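Asker: Before I ask anything, let me first share the structure, which is written out below as structure tokens.
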Amino acid sequence: MSEKTLTRMDLSEAVFREVGLSRNDSAQLVESVLNHMSDALVRGEQVKISSFGTFSVREKAARVGRNPKTGEEVPINPRRVLTFRPSHLMKERVAAGNKEP
């Protein structure tokens, strides 16, 4: 499996090549889309991208955890966590990519 990471620069380069915008406009477009997505998540909204997946924010309640080394109970504060649920199409596509020819 490849250790390559897809970056913002890679996305803006793809927009540049496939859409034909200038490199600067492509980078601004990618930034704008990412900002819209993150702003929606901050507001607690879901971000659903068809055939890709759904990003959402989940509220986790306060609970008591345990230090595995000492066994001491430690309070864990309530928090918001970001979750991603891939679509069925994305799951199938990733699974098909893992198959050896």
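Everything in the sequence shown is counted per our numbering, starting at 165 for the first residue and increasing by one. Every residue, glycine too, gets a C-beta built ideally from N, C-alpha and C. The structure displayed is predicted, hence computed values, not measured ones.
(1) As a quick exercise: from R227, G217, R222, R230, pick the residue whose alpha carbon is nearest that of V206.
(2) Starting from the C-beta of M201, find all residues in its chain whose C-beta is less than 8 Å away, skip the five residues before and the five after it, and write them out in chain order.
(3) Quick check: the Cα distance between I213 and A225, rounded to an integer number of angstroms?
(4) Buried or exposed, going by whether 16 or more other CB atoms sit within 10 Å of the CB of S176?
Answerer: The structure says:
(1) With distances taken between Cα atoms, V206 lies closest to R222.
(2) V211, F219
(3) 28 Å
(4) Buried.
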